[in-house]
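Heads up: the sequence shown begins at 13 in my numbering, then just goes up one per residue. We put the beta carbon where it would ideally sit given N, CA and C, even for glycine. Please read these numbers as outputs of a predicted model, since none were measured by experiment. What follows is one structure encoded as structure tokens, with my remarks underneath.
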Amino acid sequence: MLLRRLFLATLALLMSAAVPAADQYDVEIIVYASLDPDTGEEYWPALESGPDLASAWYFDHTPALQPLPRKAYRLDAITGALARSRQYRPLLHFAWRQPGWERDAALPVRINIPLGSALPVYPESHPLRAPGTVTAPSGLASEAAFRGEMQLLEGTLMVYRSRYLHLVADLVYQERLGPSAESSPYAEDGGIVYQPIRLQQSRRMRSNELHYLDHPRLGVIAQITPVEATEASEDKTGEAPDASPTE
């Protein structure tokens, strides 16, 4: 398994070095939770399986996936609108650059946010890196929560190109339900109950457009921008489109 991963990482690096600028893409992602009280008490079926984390990659595992600096983000206005809303909570906002891989060559990005993290998480406060190299993000409820096995949000995101661009998301969000009986299958220490919510979707995308992956309790907002278009607009200013979910 380790040799296979090293081979794939080397192959991805060689491929990215050979790809012209027009075949590089900036991917920006916002993951948010729904706070709709009408569905907050609904229990979802227990998960029989989870995302394939073993085949996913942290940014520090391969230079083929390059995290972008915060100043390059284009969707800050949407994250702000979500944070001000009473119906949504932004969980994660980050962006990276990658080649226009075909599906068989695409590398999934691994996501993991510990319980107790200050939200929304940005790469500056919680670098998406392998366990053991992560600096504990500020705002953790406790050091024990950071070391715990349960993640607030965990899964994979993958972008590939065929005739169209595609985004594949497989995320599990631990939704806090509050105190409950110890007999609850979702009860943790202290009587706090979490239930896992899984979003597993694939969406065809057009470059430079906003796209949504929807679930009653979890959502993803994504924009994929060709690098040439990004560089051509560096000198232009403007607010991000007001396309976020509204109150």
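Identify the residues that DSSP records as bridge partners of LEU179: which are they? VAL171, ARG215
Can you find the residues in the same chain that come closer than 7 Å, C-beta to C-beta, to ASP48, ignoring five residues on each side of it along the sequence? GLN99
With a threshold of 16 other CB atoms inside 10 Å of the CB of ALA153, please say whether the residue is buried or exposed. Note that ALA153 scores a pLDDT of 33, beneath 50, so its modelled location is shaky and nothing firm can be said.
Is THR74 helix, strand or coil when you go by DSSP? coil
Could you give the distance in angstroms between the alpha-carbon of SER235 and the alpha-carbon of SER129? The sequence shown places Gln at residue 235, not Ser. Approximately 25 Å between the Cα atoms of the pair.
Meets three-Cβ-pair contact criterion under 8 Å: the stretch 59-69 and the stretch 162-171: yes
N-terminal and C-terminal residue of the beta strand (DSSP E) that GLY231 is part of: 230-238
Inspect the CB distances between the stretch 100-113 and the stretch 33-45 and report whether three or more fall short of 8 Å. yes
Could you tell me whether the stretch 110-124 touches the stretch 82-94, where touching means 3 or more Cβ pairs closer than 8 Å? no
Could you tell me which residues DSSP puts in a beta bridge with HIS227? Paired residue(s): none; HIS227 is not in a bridge.
Find out if the Cβ-Cβ distance for the pair VAL180, SER214 is shorter than 8 Å. yes
Since SER67 and GLU114 are thought to touch, with beta carbons under 8 Å apart, how far apart are those beta carbons, to the nearest angstrom? Contact flag wrong, Cβ pair sits at about 16 Å.
Do ALA76 and LEU230 have their C-beta atoms closer together than 8 Å? no
In chain order, what residues of the same chain lie with their CB nearer than 6 Å to the CB of ASN124, ignoring the 5 residues before and after it? GLN163, GLU166
Buried or exposed: where does GLU240 fall if 16 or more other Cβ atoms within 10 Å of its Cβ makes it buried? exposed
Look at ARG82 and TYR37 and say whether their C-beta atoms are less than 8 Å apart. no
Which residue's Cα is closest to the Cα of SER177: THR237, GLY92, GLN186, SER97? First, the residue type needs correcting, since residue 177 is Leu and not Ser in the sequence shown. LEU177 has its Cα closest to that of THR237, out of THR237, GLY92, GLN186, SER97.
If you reduce the DSSP assignment to three classes, tell me which class ARG98 lands in. coil
Does LEU222 get closer than 8 Å to chain C when you measure Cβ to Cβ? Here there is only one protein chain, and chain C is not present.
Can you give the beta carbon distance from LEU183 to LEU211, rounded, assuming they're within the 8 Å contact cut? 5 Å
Around the C-beta of ALA58, are 16 or more other C-beta atoms found within 10 angstroms, so that it is buried, or is it exposed? exposed
Going by DSSP, what residue range makes up the beta strand (DSSP E) through VAL121? 121-126
Please state the DSSP three-state secondary structure of ASP38. strand
For GLU221, count neighbouring C-beta atoms within 10 Å of its own C-beta (all shown protein chains included) and say buried if the count is 16 or more, exposed if not. exposed
Which partner residues does PRO208 have in the DSSP bridge list? GLN186
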